[in-house]
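Worksheet: one structure, shown below.
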Amino acid sequence: MSTAATRPEPPVTDLPFRDPALPLAQRVDDLISRLTLDERIELLYQYSPGVPRLGLAPFKTGTEGLHGVSWLGPATVFPQAIGLGATWDEELLHEVATAVGTEARAFHQRPAVDGHRHSLQVWAPVVNLLRDPRWGRNEEGYAEDPLLTGRLSVSFCHGLAGDHPVYLRTAPLLKHFLAYNNENERDITSSVVPPRVLHEYDLAAFRPAIASGAATGVMPAYNLINGRPCHVSPLLKTEVRRWAEPTGHELFVCSDAGAVTNLAESEHYFDDHPTSHAAAVRAGVDSITEQREDGSITLGRLRTAVDRGLLTEADIDRAARRHLSIRFRLGEFDPDLDPYAGIRDDVVDSPAHRALALRAATESVVLLKNDGALPLSPPGPGRRVALVGPLADTLFEDWYSGTMPYRITIATGLGAALRERGAEAVRAEGVDRITLRAASTGGLLRVPALDPGGPMVAGAPSDEQEAGDNACHDLFDWGEGVLTLRNARTERYVTLKDDDLTLAADQTQPNGWFVHETFRLEAQPDGTELLRNISNGRYAAVDPATGRVTLTAEAPEKAERWTRTVVRDGIAEAVAAAASADVAVVVLGNDPHINGRETEDRTGIALPPAQEALLRAVATERPESVLVVMSSYPYAVAWADKHLPAVVWTSHGGQETGRALAAILLGEAEPSGRLPQTWYRGDDPLPGRLDYDIISAGWTYQYHDAAPLYPFGHGLSYTSFAYSGLRLSAREAAQDDTLTVSVELTNTGTRTGTETVQLYTRALAARHHAPRRRLTDFRKVSLAPGERRRLEFALPVAALAHWSVAAGAFAVDPGQYEILIGHSAEAIALTAPLTVTGPPLPARSLIGGRLEAVDFDECVGGTLVDATRDKGEAVTPATGETCCGLRYRSVDLGGPADGPRVITAEVSRASEEDATVEIYADGGPGTGTLLAGLHVPVGTDGRYDWRTVSAPMSAEVTGVHDLHLVLRGGVHLAAITGGTR
């Protein structure tokens, strides 16, 4: 019997993966090799457990940090992302993100919650483009333009990540890939995005942060794109991961919450969960966000997928490597070398971060109109300013806000500044104060006198119980019948309590994923009203014995009848305040939890009618009124623009909003914000909310022909600027050249000011549908009065490229272009012509070539769908259409030398109706020449059963022509090819 001792395992600290001198990939491989298959599978779940034998701690993906650390307690709150976008200031966004990342580090050092420390992977920024201003999550994006969004995203990611060459401060992750801009039915709607829109618009916003290495991860979106869920999109590999390859790091892809489950449930894209989970992992998803801390369901599905052969160990290892790579880069395994490990709690809401919050809030303010009303006349003794409106003395947090450590409202900030100058601020919210009396008991809805935060009652009245403010409620009307009630005594909002369905007036603001603070008062024929909670859909009832009010009545006939009495007329109060003042500042806008938020799109862009009525009444009394719109999105404020001397916009700007607005209104700070998206007119019919083809639909400043209320890039200053001497280093350039564009900017006013110089380009007489103009560069410049500066921009001719469906790549057509420079997309100061030389793109060849159906130049009545569940796209008539037409420009059909020609189509059939493909040259039916007619056989078994059908091509037509296809019935077309017999 041998007595040789078994060699002991070295201490964990001596294992190769703990050696910082080794290359990252080698350390990751070593750690992977020491994990069991089950331990590696557990790394694919959001809340991965630790592996104590290897010193591997539990790890949670994702801390929200869109404009401050969210959901973890008080933290510095900066303006909403749309407000940060309005700054057009890359350096500022870098500083803001640095602060957010630093505070995230501080939260990470706090004691673990449920065994998991707060994650250093920050789920920000949101890179989705603001195509439709009705999008419920409009506040989360930076801009409608991909170049502006891309550059700001790069800066924000760099700030989050830090500048150390090895270790990350935090790991920024981009949301939400791709073409995600609607909330209603977001998990089952498909964004139809043709190739040009895909490459020139949606992908263009994501690419800069990934290709530069600034972003470390991506989150797919809930929606489908061209019929395929984003979580199994081949674009994750063919585009996103390809962009990252030159950086030397792989991206870590995290699913959105519940999205992988949706693949088999709401979307019915796969038959069961193991299949859907396996498909997501194979497509490139590395971490699944599901079921919060209980991973048994998700992990069970993944294990079943492995057991069924749907996932291999190589698939698991690939995702696990990406997971671990981020943790190594975050310094988890090298605490002594991690330069950010020493960050502590004192950075949270530090004086420096407060100052930065004030700067960001100030720079985000946009002066939309000014006929000399601003800055306000120098306030002094005897001067009075009326501060009016439901948002004048309120700051709202949004779903992704942090918890504000303090709140400087406009009334607080401007009021303090006025008092310092001996002037006076008069406040009036302009909302009605009401009582509601129950018909069954005769009692008023009230908070208990001895327990004002307790369950509300409406029992038999007594003078003592109903005295004072117990039974008075301020009624906020947010439009579309949505109301909130704030009790006058508690100064808190009335909310529904889930546990017993009672009401209590104890909320600082409407809040939560399921907002419980919104109600409707539904009018009845007898003049009474029913009180209905929007969250649970039930009506208020009153217990006759106790008087307690519960939201339990499921039908109107079982509900309590209430009589509303106005005890203070909000509009009358506001008008009186305006009448007593020299000027009125009216603050209107939205509550970010109501009528437009995650899961809920806006129905329109008008101000709530109650707010519009308030504004007009105040302005009638005091024409010297200034409108301040505080909102998450644009509003159609044409009446205000026509009748008021000044209009200002700010997003929900965080804790320092009031001081920032005071500085702007009083002229202590220069308004330097510029609109990051178009403000459309109310009478301008917007395209359909699911029309993602910005080219054909006419979305954004690039393609919208009607004059906007306020254009993209618009923003006024308290000084004036003049442009002169626009020069190009050459008036003719080759397709691979780089030009220098220079312009002279002069501050012609009497104040120091900041101008955002915007450089646009456009193609003249293009064969493709070119943008009206496209932002190509910008520069934010501050000049003293009379100061003049010549600015230079490097302009690669490649920046003029469009996505060529013929070449399947970006291309610059030779021809005439125009360089435009000015204040906004519509306020162009100077233009210069440019001629691009070089060969034109050759015609597409049908004979011996393949014409992908999606590579059309025009499409009428069609839509894009997935060709298979894994890859490829097809065209089919849209829902409700019996046929669709496609046009392909400049297709070489061959000639007599090719011999007899044949056209072949790759088709499938989704229904029993007749399905045909008709192919014409130079026009459709009645105008063009029929080349071939193809019938899709009945035997085609469903949309994924692809067949080829062929027919002889007419011998009469040869050479280069525009090709026109007509698809009829339930046909799906993937491609056509040409050949010879």
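The numbering of the sequence shown is the working numbering, which starts it at 304 and goes up by one. Where a beta carbon is used, it is the ideal one built from N, C-alpha and C, also for glycine. Note that the structure is predicted; figures quoted are calculated from it, not measured.
Review point. Given 8 Å as the limit, is there contact between the stretch 407-423 and the stretch 1004-1018, that is, 3 or more CB pairs closer than that?
Key: no
Review point. Would Phe822 be called buried (16 or more neighbouring beta carbons within 10 Å of its own) or exposed?
Key: buried
Practice item. For the alpha helix (DSSP H) holding His896, just list the boundary residues, first then last. Key: Unbroken run through His896: none, as it is neither H nor E.
Practice item. Determine the extent of the beta strand (DSSP E) in which Gln1005 is found, giving its start and end residues. Key: That residue, Gln1005, is in no beta strand (DSSP E); its alpha helix (DSSP H) goes Thr1003 to Tyr1006.
Practice item. Report buried or exposed for Thr401, applying the criterion of at least 16 other Cβ atoms within 10 angstroms of its Cβ. Key: buried
Point to revise | Arg657: first and last residue of the uninterrupted alpha helix (DSSP H) it sits in | key: Pro654 to Glu666
Review point. Roughly how many whole angstroms lie between the Cα atoms of Ala963 and Thr405?
Key: Using only the alpha carbons, I get a separation of about 24 Å.
Review point. Where do the ends of the alpha helix (DSSP H) carrying Ile619 lie?
Key: Glu616 to Arg632
Point to revise | Neighbourhood of Ala1176 by C-beta distance below 6 Å, restricted to the same chain and skipping five residues each side | key: Correcting the residue identity first, residue 1176 is Glu in this sequence and not Ala. For Glu1176, where only same-chain residues beyond five positions count, the Cβ hits under 6 Å are Asn529, Val1157, Leu1167 and Ala1170.
Exercise for review: Consult DSSP for Arg1284 and reduce its assignment to one of helix, strand or coil.
Suggested key: coil
**Study point:** Rounded straight-line distance, which links the Cα of Asp1116 to that of Ala1101
**Key:** 10 Å
Point to revise | Close beta carbons around Leu806, own chain, < 6 Å, minus the five adjacent residues each side | key: Cβ within range, chain order: Met759, Val797 and Val852.
**Study point:** Own chain, CB closer than 7 Å to Val870, minus 5 neighbours either side, in chain order
**Key:** Arg736, Ile737, Thr738 and Cys775
Point to revise | Backbone secondary structure at Gln254 - three-state DSSP | key: Only positions 304 to 1284 of the chain appear in the structure, and residue 254 is not among them; the question remains open.
Review point. Should Glu596 go down as buried or exposed, given a rule of 16 or more other Cβ atoms within 10 Å for buried?
Key: By the C-beta density criterion, Glu596 is exposed, having fewer than 16 other C-beta atoms within 10 angstroms.
Review point. Taking three-plus beta-carbon pairs below 8 Å as touching, is the stretch 466-475 in contact with the stretch 496-511?
Key: no
Practice item. Note down, in chain order, each residue of its chain lying with its Cβ closer than 6 Å to the Cβ of Thr607, except the 5 sequence neighbours on either side. Key: Pro577
**Study point:** Sequence-distant residues of its chain with Cβ nearer than 7 Å to Gly645 (five each side left out)
**Key:** none
Review point. If you draw a straight line from the alpha carbon of Asp1265 to that of Ala1277, how long is it in whole angstroms?
Key: 19 Å
**Study point:** Same chain only: Cβ atoms within 6 Å of Leu1098, ignoring 5 sequence neighbours per side
**Key:** Leu1042 and Val1044
Exercise for review: Given a cut-off of 8 Å, decide if Gly1281 and Arg1204 are closer than it, judged by their beta-carbon atoms.
Suggested key: Cβ atoms of Arg1204 and Gly1281: closer than 8 Å.
Practice item. Quick one: grab the DSSP three-state call for Pro449. Key: DSSP places Pro449 in helix when its eight states are reduced to three.
Review point. Straight-line CA distance for Leu659 to Thr379?
Key: 9 Å
Check your understanding: When you compare only the Cα positions, how much space is there between Tyr936 and Ser954?
Key -> Approximately 8 Å, taken between the alpha carbons.
Point to revise | Cα-Cα separation, Pro847 to Ala742 | key: 11 Å
Practice item. Can you give me the Cβ contacts of Glu732 inside the same chain, cut-off strictly under 6 Å, excluding the 5 residues immediately before and after it? Key: Pro693
Check your understanding: Which full runs of the beta strand (DSSP E) of 3+ residues lie inside the stretch 903-988, going along the chain?
Key -> Listed in chain order, they are 928-933 and 949-953.
Review point. Between the beta-carbon of Phe509 and the beta-carbon of Val430, is there less than 8 Å?
Key: yes
Point to revise | Proximity test, Cβ basis, 8 Å: Gly840 and chain D | key: No chain D is present in this structure, which holds just one protein chain.
**Study point:** Under 8 Å between C-beta atoms of Arg977 and His1017
**Key:** Contact: yes.
Check your understanding: Would you report the Cα separation of Arg1091 and Thr366, rounded to the nearest angstrom?
Key -> 45 Å
**Study point:** Member of Leu602, Glu398, Thr1059 and Glu903 whose CA lies at the smallest distance from the CA of Val457
**Key:** When C-alpha distances from Val457 are compared across Leu602, Glu398, Thr1059 and Glu903, the shortest belongs to Glu398.
Point to revise | Span of the alpha helix (DSSP H), counted from its first residue to its last, around His397 | key: Glu393 to His411
Review point. Is it true that the CB of Thr665 sits closer than 8 Å to the CB of Ile1124?
Key: Contact: no.
Practice item. Evaluate Val416 with the Cβ neighbour count: other Cβ atoms within 10 Å of its Cβ, from every protein chain shown; 16 or more gives buried, anything less gives exposed. Key: exposed
Point to revise | Beta-carbon contacts of Tyr842 that lie in its chain and below 6 Å, excluding the five residues immediately before and after | key: Leu833, Arg835, Ala856 and Ala862
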